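Visitor: The sequence shown begins at 1 in the working numbering and counts up one residue at a time. Backbone N, C-alpha and C fix where the C-beta goes; we use that ideal spot for every residue, glycine too. It should be emphasised that the depicted structure is a prediction, and the values quoted were computed from it without experimental measurement.
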Amino acid sequence: GYWIYCKEKRNHRVATRRARQCNVVGACCCVSIPVPVVGQLRLANANAFCGGTGVLPLLDLVYEILVELYRVVTKSNSPPRLPTGFKLVLYLSVNSEEDFQALELIPRTYFLCKKYQQNLFELTLRVSKGRHPEGIPQMSGRLNEAQLSAITTHKNITTALVCGSPDMNYTVGTALRKLL
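1) Which one of Leu69, Asn95 and Leu161 has the shortest CA to CA distance from Lys129?
2) For Gly51, which three-state DSSP category applies?
3) Opposite Val89 in the DSSP bridges: which residues?
4) Cα separation between Phe86 and Arg131?
5) With burial defined as no fewer than 16 other Cβ atoms inside 10 Å of the residue's Cβ, what is the status of Ala48: buried or exposed?
6) Pick helix, strand or coil for Asn169, following the three-state DSSP scheme.
7) Pull up the DSSP beta-bridge partners for Ser128, would you.
8) Could you name the residues that DSSP lists as bridge partners for Ser96?
9) What's the C-alpha gap between Asn23 and Lys75?
10) In three-state DSSP terms, what is Gln226?
11) Do Ala146 and Thr152 come within 9 angstroms of each other at the CB atom, strictly closer than that value?
12) Excluding five sequence neighbours on each side, which residues of the same chain lie with their C-beta closer than 8 angstroms to the C-beta of Glu97?
13) State the Cα-Cα distance for the pair Gly164 and Thr53, rounded to the nearest angstrom.
14) Beta-carbon separation of Phe100 and Gly135 under 9 angstroms?
15) Taking the DSSP output, what are the residues bridged to Tyr138?
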C-alpha cells in the first residue's frame, strides 16, 4: 500500500475511510489505492514518490494511462477511464538501469505520452548505480526536504502517495507532513 499525505479535507476523509476499510488507523494512512479510489480522491494530479518495488502497486494506474492514451489517440468513442484532466506525476528511484528496464511499462507509457503530446504522465527518475536512461528527467540524489519543498511548491501538490523502503517512506513522509 501507499502512505497518503493529504492537504485537502475531502481527500483526507476518503483516505481515512479507505484506511479504516483496511483496518489501518491514522491521519496519514498506509492503504492500497486501486484506480477507482484515485477517482474518488478527485485528483487533478496523482503525485507519487516511489522507491524500487514500491512502484509495483502503481503499475495498474500506469496501465490505465496507457489505455486512456490509446483511447484518445485512436479517437475511440469509448468512455474515459480516468477522471477529466487526470495526470500522474511520478518520482521514481531505482538501484540500477536494469531495475528500471524491468519496469518496461513505465518508460514506454512516458515516451508515448510525450510522442502524442498527451499530458497524462510525468516522470522524474533517479538511478543510484549506473547510467541514467536518455530522455527522462533526472533527480539528483535522494529525495530530501529541500527537494520536496521545491516540488510541492512548484507543482502545487495537495495529495501525495508514497511507497518505498522504510527509510525512504520515513524521510519523504516526515518532509511531506511538514509541507502539506
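Guide: In brief:
1) With distances taken between Cα atoms, Lys129 lies closest to Asn95.
2) strand
3) Within the DSSP bridge table, the entry for Val89 names Asn47 and Glu122 as partners.
4) 31 angstroms
5) buried
6) Under the three-state reduction of DSSP output, Asn169 falls in the helix class.
7) Bridge partners of Ser128: none, in fact.
8) Answer by DSSP bridge pairing, in chain order: Lys129.
9) Caution is warranted here: a pLDDT of 33 is assigned to Asn23, below 50, making its placement in the model unreliable, and the coordinate value is therefore given only provisionally. Between Asn23 and Lys75, the C-alpha separation is close to 42 angstroms.
10) Because residue 226 is not part of the residues shown, which for the chain are 1 to 180, the question remains open.
11) no
12) Val127, Gly130, Arg131, His132 and Pro133
13) 7 angstroms
14) It is not a contact, given that the beta carbons lie outside the stated cut-off.
15) Residue identity check: residue 138 is Gln in the sequence provided, not Tyr. Gln138 pairs with Leu125.
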